[in-house]
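Notes follow once the structure below has been shown.
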Amino acid sequence: DDQFRSPTLAEDLADACILSFQKQKYGVYNASGKDIMSIYETVERIAKHYNYSTKNLHRISTSTLNQTATRPLKTGFILDKAIKELGYNPHSFEECLTIIDKQLKNN
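Every letter in the sequence shown is one number past the one before it in our numbering, and letter 37, counting from 1, is 35.
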């Protein structure tokens, strides 16, 4: 439970691209989801969204995974510039899950 990520909806990334084009902004802008959470919390929030029990979820640390590639424990972006200059407004994690639900039901 020591790795943190920022899950990102593809539509939010597309919005950042469209906003930069519309506003004629050039340069480097960070775009990602707004919530940074542990992988455990991500799974826990997905389970709660779909009304699944979380009793079988167990926290583990990176050291127990025996991963061959080293990963940073925390990955995420500072979105301040994109929010201020582009008007970027990514969805919350729960909003993303609701959007994905609707997409799956329509396909």
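No residue lacks a Cβ here, since even glycine has one placed at the ideal position from N, Cα and C. Quick caveat: nothing in here was measured; it's all calculated off a predicted structure.
Same chain only: Cβ atoms within 6 Å of residue i, ignoring 5 sequence neighbours per side
{"i": "I16", "result": "none"}
{"i": "G31", "result": "S4, P5, T6, P88"}
{"i": "T52", "result": "E42, A45"}
Cutoff 7 Å; reference residue i; Cβ partners in own chain excluding five residues on either side
{"i": "D(-1)", "result": "S36, Y38, R57, I58, S59"}
{"i": "A14", "result": "Y27, A29, A80, L84, Y86"}
{"i": "S18", "result": "Y27, L84"}
Limits of the alpha helix (DSSP H) - the one that residue i falls within
{"i": "S18", "result": "8 to 20"}
{"i": "H47", "result": "37 to 47"}
{"i": "D99", "result": "91 to 103"}
Reference residue i; option with closest CA among the options
{"i": "I34", "options": "L102, Q65, T6", "result": "T6"}
{"i": "C94", "options": "A67, Y48, S18", "result": "Y48"}
{"i": "K8", "options": "N64, Q65, F91", "result": "As written in the sequence, residue 8 is Ala, which differs from the Lys given in the question. Ranking the options by Cα distance to A8, first place goes to F91."}
{"i": "Q1", "options": "I97, F75, R69", "result": "R69"}
Check: residue i C-beta below 7 Å from any heavy atom of the ligand GDP
{"i": "F91", "result": "No copy of the ligand GDP occurs in the structure displayed, which carries no ligand at all."}
Local Cβ density within 10 Å of residue i, reported as buried at 16 or more and exposed below that
{"i": "D10", "result": "buried"}
{"i": "L63", "result": "exposed"}
{"i": "L77", "result": "buried"}
Neighbourhood of residue i by C-beta distance below 8 Å, restricted to the same chain and skipping five residues each side
{"i": "K82", "result": "none"}
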